[in-house]
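Residue numbers (the numbering used here), protein chains in the order written: chain E, 147 to 571; chain H, 147 to 571.
Positions of the beta carbon are idealized from the N, C-alpha and C atoms, including for glycine.
First the structure, in the form of structure tokens, and then the observations on it.
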């Protein structure tokens with residue numbers, strides 16, 4: 147039975163999460179499928195930020211460090227994030243960037259490995275991991291004389307041998323949307339005495355994550371994708387409580403001190419995750435992240451992460467089915483895994499070339515996805531479409547695929563105005 | 147001739163910078179003398195932030211990375227900061243926190259020293275430097291097996307010997323407002339082959355700084371004090387062009403990559419200061435910093451930093467003179483240097499004890515300064531008053547000292563409601 151727009155509209159009408167859409171300021175006249183890159187603006191956020199600017203800063207000034215709870219904000223926001231990733235209250239802080247948090251946790255993982263297994267000289271990761279994760283690891287390995295081993299996803303398990311100190315992975319792949327089995331890989335690693343570091347950038351708020359259930363060691367993640375925290379929102383960091391107090395993290399700033407306002411000349415790290423803080427945090431951006439998290443946690447009353455996951459899988463399934471049914475003969479493939487357990491909340495289409503122009507032609511029609519370049523040889527271009535179940539509906543998927551069909555059938559993507567002019571951000 | 151309120155009002159009437167005050171949203175019914183901790187809200191900022199939230203993020207979403215110039219914002223803001231610190235366009239980026247930027251530059255300074263002078267094993271700093279600077283240095287020295295030598299300011303010069311790798315100082319002391327002679331100390335250090343790292347947290351926007359003129363090597367600074375960038379605004383980093391490309395800074399994230407959107411698996415640092423970026427920056431907070439800088443640069447048309455400095459010195463001079471003339475017999479001392487060349491833009495009063503209660507009693511009267519605890523023994527309590535010449539006037543100084551006189555003469559500060567209840571932030 148073929149899927150119709152009517153079917154999709156019926157699915158929207160029956161969607162138990164449909165009311166959540168009203169929490170967001172969806173851009174006018176456009177269909178936004180890039181929440182995996184930057185989540186949309188929650189309607190409550192402008193007033194929250196304006197209050198932080200005009201009242202907390204403008205009127206109460208330094209007193210807001212106490213009265214508005216600015217100093218505690220990284221931990222308060224962290225507690226909200228904890229609810230989405232299988233961590234406990236008091237185990238997460240929101241601070242700095244994902245790259246910087248990865249530097250903190252990877253440094254500590256390597257310190258622990260050096261203490262417990264000094265002969266291990268390898269850090270294993272995935273070749274197609276998000277590059278900044280690889281750069282941070284590359285720089286750390288370089289400093290410490292370790293080897294960073296980059297592998298295809300399929301070769302990871304076999305590499306988990308007794309010479310490996312740390313397995314560092316991004317849970318959901320940014321290009322393809324493929325999702326690792328965190329519990330399984332962590333168990334495999336743990337059986338070999340290998341510590342695991344997970345980047346949840348494309349997971350937190352998008353797929354169920356259970357850090358304690360998976361016995362993970364360290365995790366970081368991003369605030370501006372599925373957590374709707376706004377452009378460049380602070381990131382987050384989690385460390386398993388049995389690791390937090392073993393070493394100093396190297397960015398030993400005053401917000402991680404046991405008594406930051408004692409202003410003592412020597413560093414004494416705070417116990418627990420607090421020591422993973424470093425310097426003063428950007429309160430306005432952190433306030434927007436706080437509001438963004440409320441927009442995600444609003445789903446708790448409607449079934450929470452399991453309900454979001456069910457809808458997310460239905461949306462991505464629908465997208466792939468529609469592409470297969472209605473977009474044959476245009477050289478488009480699907481990079482995202484078909485098995486539900488193996489994919490995150492996005493669909494990545496492939497094409498040997500022309501991806502940039504196709505995405506531009508779609509944007510001109512009001513469908514916002516994004517593009518990640520192939521290498522012109524073995525790696526195809528990627529057309530990415532993120533399906534944030536909080537605010538994307540089934541009919542949206544229909545319309546997006548229909549617009550893509552028209553772009554391809556008409557050949558309009560070959561119009562010179564869609565040709566690549568300069569580097570894409 | 148004794149100073150009167152009338153004299154102060156006349157000085158305000160003749161103040162060529164007086165119009166700048168209208169650029170700021172001064173808190174109602176209060177006299178804010180804590181711009182050295184958190185600068186006040188510029189009137190233009192709420193609309194700028196609202197535009198970033200509602201238009202750039204809310205409507206244009208990911209396209210704003212290009213169309214609103216988000217990706218370039220750290221460098222654009224950096225160029226504005228450069229004008230205040232004697233750096234050139236393209237030499238400064240606004241990013242991360244002061245602590246994290248200090249980690250980057252101190253790491254690189256130590257890499258350079260290790261390459262050029264491997265036998266040098268000491269980092270010298272001031273015992274009363276801002277603690278987070280000392281913590282960052284302590285952690286780095288620990289990792290590298292170096293010695294962090296903390297000295298009194300008067301002992302610094304003599305310590306600049308051939309065993310020192312780096313001299314790391316904060317230009318203006320956060321407790322006392324004492325200012326180092328950057329050009330002199332840098333020359334002394336350079337003559338011995340020692341690299342200099344300067345923290346400009348209490349200098350940028352407050353006192354003239356000429357990094358190139360002083361032949362400084364590295365500098366960092368804070369966005370939320372005299373630059374009026376808002377709570378926790380991103381910090382900044384400057385590296386002399388002849389050092390930037392010598393080493394990787396250790397926080398090797400994708401924003402510091404030579405081709406961040408090529409998404410290559412290996413790190414290739416960008417040339418120049420760009421490599422001192424790491425991960426994605428908090429755009430809302432960075433936008434507020436951009437607006438804050440405009441409020442400082444507005445002084446350029448009225449004489450710029452030299453004019454601000456003249457007024458700042460006059461304000462701090464006035465404060466100290468009034469305290470000496472009108473506040474005898476209350477056990478108050480002045481920690482801030484009397485010589486103009488030796489002080490920043492604040493006045494720090496000392497008292498053996500009771501500082502907290504006095505500051506609280508002042509706050510109850512609407513005069514906002516802050517308090518830094520002594521050790522109850524050799525270190526007295528500090529009562530800090532920052533005089534930001536952009537928005538503080540001469541009559542403000544009069545009223546502040548008059549309120550302090552009343553607090554002391556009446557003994558009201560000894561009222562139990564002003565006693566210390568809990569840790570102060």
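Chain E contact residues for residue i, given Cβ-Cβ distances below 8 Å
i                      : result
residue 285 of chain H : 394, 396, 397, 398, 413
Continuous beta strand (DSSP E) stretch holding residue i: start and end
i                      : result
residue 268 of chain E : 268-272
residue 315 of chain E : 310-316
residue 297 of chain H : 293-297
residue 495 of chain E : 492-497
residue 532 of chain E : 527-532
9 Å Cβ cutoff, residue i in contact with chain H
i                      : result
residue 548 of chain E : no
residue 432 of chain E : yes
residue 378 of chain E : yes
residue 516 of chain E : yes
residue 420 of chain E : no
residue 408 of chain E : yes
residue 227 of chain E : no
residue 349 of chain E : no
residue 278 of chain E : yes
residue 384 of chain E : no
residue 256 of chain E : no
residue 441 of chain E : no
residue 480 of chain E : no
Contacts that residue i makes with chain H (C-beta to C-beta distance below 8 Å)
i                      : result
residue 178 of chain E : 207
residue 346 of chain E : What residue 346 of chain E touches in chain H: nothing, since even the nearest Cβ is about 15 Å away.
Neighbour flag for residue i against chain E, beta carbons, 9 Å
i                      : result
residue 425 of chain H : yes
residue 246 of chain H : yes
residue 167 of chain H : no
residue 537 of chain H : no
residue 563 of chain H : no
residue 191 of chain H : yes
residue 571 of chain H : Note that residue 571 of chain H scores 41 on pLDDT, short of 50, meaning its location in the model is unreliable; the coordinates nonetheless yield the value given after this. So yes, residue 571 of chain H belongs to the interface.
residue 273 of chain H : yes
residue 288 of chain H : yes
residue 566 of chain H : no
residue 502 of chain H : no
residue 293 of chain H : no
residue 417 of chain H : no
residue 296 of chain H : yes
Chain H contact residues for residue i, given Cβ-Cβ distances below 9 Å
i                      : result
residue 123 of chain E : Outside the shown range of chain E (147 to 571) lies residue 123 of chain E, about which nothing can therefore be said.
residue 391 of chain E : Within chain H, no residue comes near residue 391 of chain E; the closest Cβ sits about 16 Å away, beyond 9 Å.
residue 119 of chain E : Within the shown structure, residues of chain E are numbered from 147 to 571, placing residue 119 of chain E beyond reach of any answer.
Option nearest residue i by Cα separation, candidates the options
i                      : options                    : result
residue 232 of chain H : H:282, H:349, H:333        : H:349
residue 154 of chain H : H:539, H:558, H:234        : H:539
residue 378 of chain H : H:542, H:411, H:340, H:433 : H:433
residue 560 of chain H : H:169, H:407, H:499, H:280 : H:499
residue 545 of chain E : E:295, E:148, E:177        : E:177
residue 572 of chain E : E:372, E:351, E:344        : Residue 572 of chain E is absent from the model: chain E starts at 147 and stops at 571.
residue 323 of chain H : H:488, H:513, H:414        : H:488
residue 281 of chain E : H:394, H:213, H:362, H:375 : H:394
residue 339 of chain E : E:357, E:265, E:163, E:387 : E:265
residue 222 of chain H : H:200, H:436, H:517        : H:436
residue 392 of chain E : E:419, E:319, E:411, E:383 : E:419
Extent of the continuous alpha helix (DSSP H) to which residue i belongs
i                      : result
residue 110 of chain H : Any answer about residue 110 of chain H is impossible in this case: the structure gives chain H only from 147 up to 571.
residue 470 of chain H : 450-472
residue 439 of chain H : 429-443
residue 521 of chain H : Taken as a continuous stretch (DSSP letters only), residue 521 of chain H belongs to no alpha helix (DSSP H), as it is neither H nor E.
residue 562 of chain H : Where residue 562 of chain H is concerned, there is no enclosing alpha helix (DSSP H), given that its DSSP letter is neither H nor E.
residue 553 of chain E : 540-556
residue 419 of chain H : Premise fails: residue 419 of chain H is in no alpha helix (DSSP H) and is neither H nor E.
Interface residues of chain E facing residue i [CB-CB closer than 7 Å]
i                      : result
residue 281 of chain H : 398, 399, 400, 403, 413
Residue i: contacting residues in chain H (beta-carbon distance under 7 Å)
i                      : result
residue 249 of chain E : 397
Those runs of the alpha helix (DSSP H) which lie wholly inside the segment 318-399 of chain H and span at least 4 residues: 328-337, 387-390
Quick one: which unbroken beta strand (DSSP E) runs of 3-plus residues sit fully inside the segment 208-281 of chain E? Chain order, please. 238-240, 268-272
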